[in-house]
Amino acid sequence: MVPGVRYDRIDDAGLHVTVDGASSVLEVDTIVLCTGQEPRRDLYDELVAAGRSVHLIGGADVAAELDAKRAVKQGTEVAAAL
Ligand SMILES: Cc1cc2nc3c(=O)[nH]c(=O)nc-3n(C[C@H](O)[C@H](O)[C@H](O)COP(=O)(O)OP(=O)(O)OC[C@H]3O[C@@H](n4cnc5c(N)ncnc54)[C@H](O)[C@@H]3O)c2cc1C
201 MVPGVRYDRI DDAGLHVTVD GASSVLEVDT IVLCTGQEPR RDLYDELVAA
251 GRSVHLIGGA DVAAELDAKR AVKQGTEVAA AL
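If you want it as structure tokens, here you go:
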């Protein structure tokens with residue numbers, strides 16, 4: 201874990217980063233990008249367009265954060281209201 205890191209570029213030398221204004225190269229072979237998620241709401245949109253009553257919760261609602269508690273809370277509230 202490297203806090204406050206800025207990822208500058210990837211090339212044959214590795215991953216170029218800047219931490220607190222100091223640039224360096226991490227000599228790595230494999231880089232896995234975990235750059236966030238986008239919710240897929242195709243089915244939700246289709247059901248709404250068809251006039252159905254639907255609820256949007258959890259990762260389908262907001263996928264931009266790591267918050268399983270919010271998903272569980274939303275699911276619980278919807279279930280209790282049915
Ligand atoms: C890499 C990663 C790490 C994470 N770490 C954390 C963490 O440490 N702490 C934290 O609080 N949160 C974390 N999260 C976020 C957390 O996983 C989500 O907020 C939570 O899982 C959302 O719950 P959900 O029920 O809305 O969706 P999901 O858990 O994504 O469940 C949706 C389910 O629906 C299924 N599905 C999709 N489409 C269909 C379909 N058409 N028909 C039937 N089934 C379908 C999927 O297969 C899946 O099983 C992390 C997420 C990721 C990706």
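Just add 200 to wherever you are in the sequence shown, counting from 1, and you've got our numbering. Ideal placement from N, C-alpha and C gives every residue a C-beta, glycine not left out. Since we're looking at a predicted model, the values are computed, not measured.
- Here the distance from the Cβ of G259 to the nearest heavy atom of ligand 1 is below 7 Å.
- For R270, the enclosing alpha helix (DSSP H) stretches over residues 268-281.
- Residue side-chain check: K269 places its Cβ nearer than 7 Å to a non-hydrogen atom of ligand 1.
- For D267 and V205, the gap between their C-alpha atoms comes out near 23 Å.
- Closer than 7 Å to some heavy atom of ligand 1: that does not describe the Cβ of L247.
- Counted as a single uninterrupted DSSP element, the beta strand (DSSP E) harbouring A222 occupies residues 222-226.
- For L247, the enclosing alpha helix (DSSP H) covers residues 242-249.
- Taking a C-beta distance under 8 Å as the contact criterion, A263 and E238 qualify as a contact pair.
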